[in-house]
Each structure stands twice: as C-alpha cells, then as structure tokens.
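Counting from 58, one number per residue, gives the positions in the sequence shown under the numbering used here.
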Amino acid sequence: MVKDFEAVSDKSISHKIVDRRPGDIATCYADPEFAKIFLGWQAEFDLAHMCEDSWRWQLNNSNGFDL
Numbered sequence: 058m059v060k061d062f063e064a065v066s067d068k069s070i071s072h073k074i075v076d077r078r079p080g081d082i083a084t085c086y087a088d089p090e091f092a093k094i095f096l097g098w099q100a101e102f103d104l105a106h107m108c109e110d111s112w113r114w115q116l117n118n119s120n121g122f123d124l
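Shown next, in the form of structure tokens:
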C-alpha cells in the first residue's frame with residue numbers, strides 16, 4: 058500500500074515496519090466473496106486505482122470535509 062501511494066503521489070513516504078504493540082491484533086483479513094454473494098457487490102478497481110483516487114481527493118480537499 059505504501060508503494061502504491063508513493064507511486065500515485067510521486068512522493069516518498071517515510072515508514073518503518075516494527076513489532077506489534079500490546080493489544081494489536083495478530084492478523085486481519087477479509088473475504089470479499091461475502092459482499093459479492095450476499096450484497097451483489099464487488100470492487101471495480103485495484104489498489105493502485107483506489108490510492109490514486111484517495112490522493113486526488115486529498116489534493117482537492119486539503120482541509121477535509123466542509124461541514
């Protein structure tokens with residue numbers, strides 16, 4: 058994910074991989090098949106496309122949502 062965000066933003070993202078903290082879950086995963094079967098929904102885009110869309114939103118909304 059970091060590499061995809063770096064690619065779409067053309068910026069280096071400083072990060073460090075470290076051990077889990079106390080209380081952090083060991084693993085986390087999801088099966089998108091549930092959404093497809095029970096909701097009739099599936100993702101249309103890959104991770105790189107989603108990162109690009111997220112970065113575009115951030116560039117256009119630097120102060121977040123106007124409430």
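C-beta atoms are modelled at their ideal positions from N, C-alpha and C, and glycine is treated no differently.
Linking V59 to I70 through their CA atoms gives a straight-line distance of about 7 Å.
With respect to the 9 Å criterion, A100 and P89 are classified as neighbours on the basis of their beta carbons.
A direct Cα-Cα distance of roughly 32 Å separates I94 from Q115. For secondary structure counted as the alpha helix (DSSP H) over 4 or more consecutive residues, the stretch 74-123 holds these complete runs in sequence order: 104-117.
Where K68 is concerned, there is no enclosing alpha helix (DSSP H), because DSSP gives it neither an H nor an E.
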